[in-house]
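*Asks:*
Residue numbers (my numbering), protein chains in the order written: chain A, 3 to 210; chain B, 3 to 210.
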């Protein structure tokens with residue numbers, strides 16, 4: 003391995019390779035940076051076709067992050083993947099309620115998922131809200147319910163749970179709402195993808 | 003969405019679908035459960051061809067986890083994705099050193115990546131060791147160096163960084179060692195994949 007590229011140049015070179023292999027897209031510059039970061043995180047070019055941007059979500063997300071908002075993720079992994087230094091620059095907060103004691107006990111009592119209860123907890127936040135779901139379709143299904151009941155109104159939804167059951171359908175539910183969203187259509191997604199999407203907006207909002 | 007499957011049955015049904023679509027493999031039962039959990043985490047059947055098991059790593063991993071070992075991950079995301087209740091059942095510990103103050107300052111001083119310094123820190127652990135790399139090829143490259151210098155001797159290596167630069171090569175380095183390993187060949191991998199592999203072994207070691 004005599005030709006190892008210097009660590010600090012790896013990301014730059016990675017994005018060059020991604021741009022080259024990606025070819026033409028019909029995305030704007032801001033969306034394209036989100037797509038490239040998702041591919042950087044997954045090495046999966048299927049996102050070129052799967053990742054859908056609805057109601058100008060990237061510009062909206064960047065504005066939200068610049069002005070200070072609250073991000074709620076469905077998993078601690080997604081939360082853990084979000085760049086904390088960049089997050090703090092805009093005075094943003096990020097939470098995941100899935101492992102909170104009250105969420106765990108309430109989910110057990112009611113026989114529903116912790117992701118569902120965690121989404122109800124998110125509905126109590128009175129600040130501009132980004133919901134980022136990378137794992138639990140039940141979180142999106144609950145979010146759809148809460149939105150229909152006017153109990154929550156996120157400014158932006160990142161909808162990319164991964165999996166084989168309820169996942170595709172849960173994403174379609176989100177697309178029915180007149181709300182800015184970034185949706186990984188189909189089965190693919192993940193906590194890493196949700197975090198990458200948030201980070202791609204953070205890096206556009208703030209110098210790294 | 004009138005036919006939503008109950009949350010608790012989602013995983014079971016997901017694994018049924020995965021088994022059906024996966025078809026025949028030449029893997030043993032224990033390895034197969036690891037592969038299926040990786041596909042469950044990524045919805046990506048490419049791992050059927052990419053995921054390589056060397057020197058009986060799954061049986062070894064299960065034994066290590068049953069008897070108490072230390073897992074070191076390269077990212078907080080991978081650490082965060084490991085099932086903590088299962089981990090504790092065997093008296094195992096898991097660490098990620100990437101955000102430790104001493105690692106950050108030493109990496110800056112020496113002009114190398116935090117992942118490299120974190121791997122040197124892992125080398126100081128005097129317990130049976132599983133190294134799980136889901137992100138940083140430089141962690142694997144450093145690990146290869148340390149192994150050649152007899153400064154570290156992990157019992158098991160999970161090698162699945164993701165990306166476009168140094169990644170494929172860093173995985174090949176690990177395959178040259180006579181050590182149990184699970185390697186996601188090629189560009190794909192991720193912190194989620196590393197965590198899924200650990201969890202698949204934990205779930206085989208302990209009742210959930």
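C-beta atoms are modelled at their ideal positions from N, C-alpha and C, and glycine is treated no differently.
1. So, for residue 127 (chain B): in the same chain, excluding its five sequence neighbours on each side, which residues have a beta-carbon less than 6 angstroms away from its beta-carbon?
2. Tell me the DSSP secondary structure of residue 96 (chain B) in three-state form.
3. If you measure between the beta carbons of residue 135 (chain A) and residue 202 (chain A), is that distance less than 8 angstroms?
4. Rounded to the nearest angstrom, what separates residue 181 (chain B) and residue 158 (chain B) at their Cα positions?
5. So which residues of chain E does residue 112 (chain A) contact, with C-beta pairs closer than 8 angstroms?
6. Start and end of the beta strand (DSSP E) containing residue 186 (chain B)?
7. Report, in whole angstroms, the separation of the C-beta atoms of residue 80 (chain A) and residue 89 (chain A), which I expect to be a contact under 8 angstroms.
8. Taking Cβ positions, are residue 125 (chain B) and residue 148 (chain B) nearer each other than 8 angstroms?
9. Residues of chain B with CB closer than 7 angstroms to the CB of residue 194 (chain A), please, in chain order.
10. Taking the alpha-carbon positions, what's the residue 2 (chain A) to residue 110 (chain A) distance?
11. Less than 8 angstroms between the C-beta atoms of residue 20 (chain B) and residue 42 (chain B), yes or no?
12. Taking 8 angstroms as the CB-CB limit, is residue 44 (chain A) close to chain B?
13. In whole angstroms, give me the CA-to-CA distance for residue 190 (chain A) and residue 199 (chain A).
14. Are the CB atoms of residue 176 (chain B) and residue 36 (chain B) nearer to each other than 8 angstroms?
15. Taking the C-alpha atoms as reference points, what is the distance between residue 213 (chain B) and residue 25 (chain A)?
16. Just how far apart, CA to CA, sit residue 78 (chain A) and residue 98 (chain A)?
17. Just to confirm the assignment, what range does the alpha helix (DSSP H) spanning residue 173 (chain A) have?
18. So the alpha helix (DSSP H) residue 142 (chain B) belongs to, where does it begin and stop?
19. Comparing C-alpha positions only, which one of A:179, A:209, A:160 sits nearest to residue 53 (chain A)?
20. What does residue 165 (chain A) touch in chain B if you count any residue whose Cβ is under 8 angstroms from its own?
21. According to DSSP, simplified to helix, strand and coil, what is residue 164 (chain B)?
*Replies:* This is what the structure holds:
1. Here the question's residue 127 (chain B) lines up with position 125 in the second chain. Excluding residues within five positions, the ones whose Cβ falls inside 6 angstroms are 72.
2. Position 94 of the second chain holds residue 96 (chain B). DSSP places residue 96 (chain B) in strand when its eight states are reduced to three.
3. Reading the first chain from its first residue, position 133 is the one you call residue 135 (chain A). Reading the first chain from its first residue, position 200 is the one you call residue 202 (chain A). Their beta carbons are not under 8 angstroms apart, which means residue 135 (chain A) does not touch residue 202 (chain A) by this criterion.
4. For the purposes of this step, residue 181 (chain B) is taken as residue 179 along the second chain, with counting starting at 1. For the purposes of this step, residue 158 (chain B) is taken as residue 156 along the second chain, with counting starting at 1. Taking the straight line from one Cα to the other gives about 7 angstroms.
5. Looking at the structure shown, chain E is missing, and the protein chains on hand are A and B.
6. Taking the second chain and counting its residues from 1, one reaches residue 186 (chain B) at position 184. Where residue 186 (chain B) is concerned, the enclosing beta strand (DSSP E) stretches over 182-186.
7. The sequence position of residue 80 (chain A) within the first chain is 78, counting from 1. The sequence position of residue 89 (chain A) within the first chain is 87, counting from 1. Not really, about 13 angstroms apart at Cβ, beyond 8 angstroms.
8. In the second chain, residue 125 (chain B) corresponds to position 123, counting from 1. In the second chain, residue 148 (chain B) corresponds to position 146, counting from 1. Cβ atoms of residue 125 (chain B) and residue 148 (chain B): closer than 8 angstroms.
9. By one-based count along the first chain, residue 194 (chain A) stands at place 192. The contacting residues are 79, 192, 193, 194.
10. Because residue 2 (chain A) is not part of the residues shown, which for chain A are 3 to 210, the question remains open.
11. Here residue 20 (chain B) refers to the residue found at position 18 when the second chain is read from its first residue. Here residue 42 (chain B) refers to the residue found at position 40 when the second chain is read from its first residue. Yes; because the gap between Cβ atoms is below 8 angstroms, this pair is in contact.
12. Against the first chain, residue 44 (chain A) aligns to sequence position 42. So, interface residue.
13. Translated into positions along the first chain, residue 190 (chain A) becomes position 188. Translated into positions along the first chain, residue 199 (chain A) becomes position 197. Whole-angstrom Cα-Cα distance: 14 angstroms.
14. As a working mapping, residue 176 (chain B) is identified with position 174 in the second chain. As a working mapping, residue 36 (chain B) is identified with position 34 in the second chain. No, Cβ-Cβ distance for residue 176 (chain B) and residue 36 (chain B) is not below 8 angstroms.
15. No answer is possible for residue 213 (chain B): the residues shown for chain B start at 3 and end at 210.
16. Your numbering for residue 78 (chain A) matches position 76 in the first chain. Your numbering for residue 98 (chain A) matches position 96 in the first chain. The straight-line gap from Cα to Cα measures roughly 6 angstroms.
17. Taking the first chain and counting its residues from 1, the one referred to as residue 173 (chain A) is at position 171. Taken as a continuous stretch (DSSP letters only), the alpha helix (DSSP H) holding residue 173 (chain A) covers 169-177.
18. Position 140 of the second chain, counted from the start, is the residue given in the question as residue 142 (chain B). Segment 139-150, the alpha helix (DSSP H) holding residue 142 (chain B).
19. By one-based count along the first chain, residue 53 (chain A) stands at place 51. Comparing Cα-Cα distances from residue 53 (chain A) to each of A:179, A:209, A:160, the minimum goes to A:160.
20. The count along the first chain starts at 1 and reaches residue 165 (chain A) at position 163. Correct list: 12, 16, 42, 45.
21. Residue 164 (chain B) sits at position 162 when you count from the first residue of the second chain. Coil at residue 164 (chain B), not helix or strand.
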